[in-house]
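Trainee: Residue numbers (our numbering), protein chains in the order written: chain A, 142 to 381; chain B, 142 to 381. We put the beta carbon where it would ideally sit given N, CA and C, even for glycine.
Number of protein chains: 2
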Amino acid sequence: MADLDTRLAARPLYLQVRDVLVQRIVVGHWKPGATLPNETHLAQQLGISIGTVRKALDLMEVERIVTRRQGRGTFVNDYASAETIFPFCMFHNSEGRRISGVKHGRSISREPGGAEEIARLGLRRGDEVIRIERVRTHPDQTFMTEVCVLPAKFFTRLPEDFGSYRLSALAQLNSILVGRADERVDIASANAQHAADLGVTEGTPVLRLDRVIFSDHEDALEWRVAHCFMRNERYLVRFN
Amino acid sequence: MADLDTRLAARPLYLQVRDVLVQRIVVGHWKPGATLPNETHLAQQLGISIGTVRKALDLMEVERIVTRRQGRGTFVNDYASAETIFPFCMFHNSEGRRISGVKHGRSISREPGGAEEIARLGLRRGDEVIRIERVRTHPDQTFMTEVCVLPAKFFTRLPEDFGSYRLSALAQLNSILVGRADERVDIASANAQHAADLGVTEGTPVLRLDRVIFSDHEDALEWRVAHCFMRNERYLVRFN
DNA sequence: AAGTGGTCTAGACCACAGA
DNA sequence: CTGTGGTCTAGACCACTTT
Chain A
142 MADLDTRLAA RPLYLQVRDV LVQRIVVGHW KPGATLPNET HLAQQLGISI GTVRKALDLM
202 EVERIVTRRQ GRGTFVNDYA SAETIFPFCM FHNSEGRRIS GVKHGRSISR EPGGAEEIAR
262 LGLRRGDEVI RIERVRTHPD QTFMTEVCVL PAKFFTRLPE DFGSYRLSAL AQLNSILVGR
322 ADERVDIASA NAQHAADLGV TEGTPVLRLD RVIFSDHEDA LEWRVAHCFM RNERYLVRFN
Chain B
142 MADLDTRLAA RPLYLQVRDV LVQRIVVGHW KPGATLPNET HLAQQLGISI GTVRKALDLM
202 EVERIVTRRQ GRGTFVNDYA SAETIFPFCM FHNSEGRRIS GVKHGRSISR EPGGAEEIAR
262 LGLRRGDEVI RIERVRTHPD QTFMTEVCVL PAKFFTRLPE DFGSYRLSAL AQLNSILVGR
322 ADERVDIASA NAQHAADLGV TEGTPVLRLD RVIFSDHEDA LEWRVAHCFM RNERYLVRFN
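1) By DSSP's criteria, M285 (chain A) is part of a beta bridge. Which residues make up the other side?
2) Taking N381 (chain A) as the query, report the chain B residues whose CB atoms sit under 7 Å from its CB, ordered along the chain.
3) Using a C-beta cutoff of 8 Å, does Y376 (chain A) count as contacting chain B?
4) Could you tell me the boundaries of the alpha helix (DSSP H) in which A310 (chain B) lies?
5) Between the Cα of T345 (chain A) and those of B:I328, B:D360, B:K244 and B:L350, spot the shortest distance and give me the residue it belongs to.
6) Determine the DSSP secondary structure at Y376 (chain A), reduced to helix, strand or coil.
7) Report the rounded CA-to-CA distance for I166 (chain A) versus S356 (chain A), giving the unit in angstroms.
8) Could you name each continuous alpha helix (DSSP H) segment of 4 residues or more that falls completely within the stretch 177-226 of chain B, going from the start of the chain to the end?
9) Report yes if the CB atom of L308 (chain A) is closer than 8 Å to the CB atom of E363 (chain A), and no otherwise.
10) Checking the sheet assignment: what are the DSSP bridge partners for P346 (chain B)?
11) Tell me which residue opens and which closes the beta strand (DSSP E) that E252 (chain A) is part of.
12) For the alpha helix (DSSP H) holding R159 (chain A), just list the boundary residues, first then last.
13) Three Cβ pairs or more, each shorter than 8 Å: is that satisfied between the stretch 247-254 of chain A and the stretch 265-273 of chain A?
14) For L162 (chain B) and L311 (chain B), what's the separation of their Cα atoms in angstroms?
15) Please list the partners that D138 (chain B) has in chain A, where partner means a Cβ-to-Cβ separation under 8 Å.
16) Between E236 (chain B) and chain A, is there a C-beta pair that is closer than 8 Å?
17) Just to confirm the assignment, what range does the alpha helix (DSSP H) spanning L262 (chain B) have?
18) Return the bridge partner residues of R239 (chain B) from the DSSP annotation.
19) Indicate whether the contact test is met: 3 or more Cβ pairs, each with one atom in the stretch 233-241 of chain A and one in the stretch 357-376 of chain A, closer than 8 Å.
20) If distances are taken between C-alpha atoms only, which option among A:S316, A:L156, A:Q211 and A:E202 comes closest to K172 (chain A)?
21) Is E384 (chain B) close to chain A? Criterion is C-beta to C-beta, closer than 8 Å.
22) Looking at L318 (chain A) and R298 (chain A), is the spacing between their C-beta atoms short of 8 Å?
23) Determine the burial state of Q185 (chain A): buried for a count of at least 16 other Cβ atoms within 10 Å of its Cβ, exposed for fewer.
24) Within 10 angstroms of its Cβ, does T176 (chain B) collect 16 or more other Cβ (buried), or is it exposed?
25) Give the DSSP-derived three-state secondary structure of L291 (chain B) in the structure shown.
26) Which whole-angstrom value is the C-beta distance of A331 (chain B) and H368 (chain B), which I expect to be below 8 Å?
27) Roughly how far, in whole angstroms, is the beta-carbon of T286 (chain A) from the beta-carbon of H335 (chain A), given that I think they are within contact range, below 8 Å?
28) Are V353 (chain B) and F370 (chain B) close, meaning C-beta to C-beta below 8 Å?
29) Suppose you measure from the CA of A333 (chain A) to the CA of E343 (chain A); what does that come to, to the nearest Å?
30) Measure the beta-carbon distance from T215 (chain A) to L187 (chain A) and round it to whole angstroms, keeping in mind my assumption that it falls under 8 Å.
31) Closest Cβ-Cβ distance between E324 (chain B) and chain A: below 8 Å?
32) Contact check, E269 (chain A) vs G254 (chain A) under 8 Å by CB: the rounded distance?
33) Candidates A:D338, A:A337 and A:E324: which alpha carbon is nearest L350 (chain A)'s?
34) So, is V326 (chain B) buried or exposed, given that buried needs 16 or more other C-beta atoms within 10 angstroms?
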């Protein structure tokens with residue numbers, strides 16, 4: 142049983158198993174794309190029944206942490222190379238194909254967060270944030286300009302081309318699991334900056350997407366406010 | 142084993158069980174709010190293992206067809222009295238509380254669908270549709286005006302206060318299970334009708350929500366185009 | 001043929017709700 | 001106390017993938 146259990150634990154065994162396996166992935170024991178040991182092996186290793194291992198792995202598949210393929214194995218998802226995150230909230234082109242556009246970094250800064258940033262991200266006064274302004278282009282025209290604010294404490298590792306990061310990949314790099322996101326949708330009036338970015342006149346009504354992404358522990362990871370002017374693009378949401 | 146199985150069936154046993162149980166609910170053998178027989182009873186009745194019954198019931202809970210409560214039982218969800226459908230796509234007030242507004246029917250008609258309606262709903266030329274125009278008010282002001290188009294063939298039973306129907310309840314009444322929905326979000330310019338409904342001037346930019354709801358068999362159940370002018374309301378979407 | 005995850009079984013015990 | 005769903009076990013066999 143190793144370090145699991147001690148019976149009468151408040152948490153069911155299969156959830157403890159899930160936590161142990163997730164931890165091993167998060168710390169890099171099993172890296173993105175890697176194959177996990179098979180169910181029998183894991184069960185023997187942990188000294189538990191194969192059914193319990195299965196339940197933990199099935200849960201992890203629902204959480205999009207691993208992918209299981211009959212006859213092949215169980216694989217750690219790689220968010221750096223896959224569009225696995227939030228697959229139900231996307232821009233599409235007029236043929237219905239998903240697009241994410243080309244991200245183009247405009248400015249990056251790091252400083253103590255402002256009052257609203259502190260509030261939206263659940264930080265403390267004085268906490269530092271990383272602030273990024275960037276635009277998205279498709280195919281040749283800018284359809285979205287966004288300001289992203291991230292708590293600096295969660296993101297100690299930053300890739301080189303930081304301006305074009307994808308949060309799912311950035312979180313993976315920093316051993317964080319993405320949980321959920323809340324997005325508020327409304328209409329705003331383009332200011333001078335938006336107008337210049339989007340190629341419209343100031344005052345043009347644009348779609349505003351105000352989104353906060355949370356980790357699996359409910360820590361806010363990113364507050365993003367995007368302004369969009371859609372020509373050939375469509376913003377689609379899928380509910381299940 | 143009754144009418145199940147015959148071994149070598151392409152479909153796994155627990156899915157066949159799920160289908161049988163869903164069918165019993167849909168035809169009214171177990172009505173909304175009713176308690177299902179316990180797992181042991183169902184297993185004996187169907188001549189299968191309790192584990193297989195559990196897997197079917199767990200699936201049905203994920204599909205939001207039943208609710209399971211330890212120590213109490215398994216209950217058929219009642220979509221007429223619960224806000225169980227699409228809980229992640231809602232209007233909220235400024236305090237973050239969910240609101241659906243008061244629905245106010247404006248007109249109802251039934252006639253052969255137009256070309257675009259036929260296309261969006263996947264119907265055949267000549268198929269009849271039910272067309273409803275209505276507005277939503279909260280608390281005293283209209284924030285949304287919508288046109289809903291439903292294929293007449295799916296909805297033979299209609300409640301009295303049809304103008305204020307909720308699709309989940311209407312589907313339940315007609316033995317249909319709601320599956321998913323696709324919604325397109327963009328900005329439109331208020332026409333004379335929208336302007337009058339929403340209390341704005343013609344040409345005011347409004348949020349347009351163009352949504353198609355599908356059944357669990359991927360039949361289109363409703364095409365709705367809504368135009369919204371939000372004062373105190375907020376349109377929130379949650380992703381997982 | 002060998003190895004993987006997927007299905008199915010049969011039973012034990014636990015945690016919770018209600019009488 | 002009784003009955004419910006929740007957890008856990010141990011093992012058999014199936015379906016799929018790769019060697």
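Mentor: Concretely, from the data shown:
1) DSSP lists A:R277 and A:C369 as the beta-bridge partner residues of M285 (chain A).
2) Near N381 (chain A) (Cβ distances below 7 Å), the residues of chain B are R321.
3) True, the Cβ-Cβ gap to chain B drops below 8 Å.
4) Annotation: the continuous alpha helix (DSSP H) that includes A310 (chain B) extends over L308 to L314.
5) Of B:I328, B:D360, B:K244 and B:L350, the smallest CA-CA separation from T345 (chain A) is found for B:I328.
6) Secondary structure at Y376 (chain A): strand, using DSSP grouped into helix, strand and coil.
7) Whole-angstrom Cα-Cα distance: 16 Å.
8) Qualifying alpha helix (DSSP H) stretches, in chain order: 180-187 and 191-203.
9) Cβ atoms of L308 (chain A) and E363 (chain A): closer than 8 Å.
10) Partner(s): B:S330.
11) According to the DSSP assignment, E252 (chain A) belongs to the beta strand (DSSP E) that extends over V243 to P253.
12) R159 (chain A) -> alpha helix (DSSP H) spans L154 to V167.
13) Segments in contact, yes.
14) Those two C-alpha atoms are separated by around 21 Å.
15) What the structure shows of chain B is the stretch from 142 to 381, and residue 138 (chain B) is not part of that stretch, so it cannot be assessed.
16) Chain A places no beta carbon closer than 8 Å to that of E236 (chain B), leaving this residue out of the contacts.
17) Counted as a single uninterrupted DSSP element, the alpha helix (DSSP H) harbouring L262 (chain B) occupies residues A256 to L262.
18) R239 (chain B) is bridged by DSSP to B:H233.
19) Taking 8 Å as the limit for Cβ pairs, the verdict is that the stretch 357-376 of chain A does touch the stretch 233-241 of chain A.
20) Comparing Cα positions, the closest option is A:S316.
21) The requested residue 384 (chain B) is not part of the displayed model; chain B covers only 142 to 381.
22) Taking 8 Å as the Cβ cut-off, R298 (chain A) and L318 (chain A) do not qualify as a contacting pair.
23) The residue is exposed, with fewer than 16 neighbouring Cβ atoms inside 10 Å.
24) Classification for T176 (chain B): exposed.
25) L291 (chain B) falls in the strand class under three-state DSSP.
26) Between A331 (chain B) and H368 (chain B), the beta carbon gap of about 7 Å places them in contact (Cβ cut-off 8 Å).
27) The Cβ separation is near 6 Å, so the contact holds.
28) No; because the gap between Cβ atoms is not below 8 Å, this pair is not in contact.
29) Taking the straight line joining both Cα atoms gives about 6 Å.
30) The Cβ separation is near 15 Å, so there is no contact.
31) So, interface residue.
32) Rounded to the nearest angstrom, the Cβ distance from E269 (chain A) to G254 (chain A) is 7 Å, consistent with a contact under 8 Å.
33) Comparing Cα-Cα distances from L350 (chain A) to each of A:D338, A:A337 and A:E324, the minimum goes to A:E324.
34) By the Cβ neighbour-count rule, V326 (chain B) is buried, with 16 or more other Cβ atoms within 10 Å of its own.
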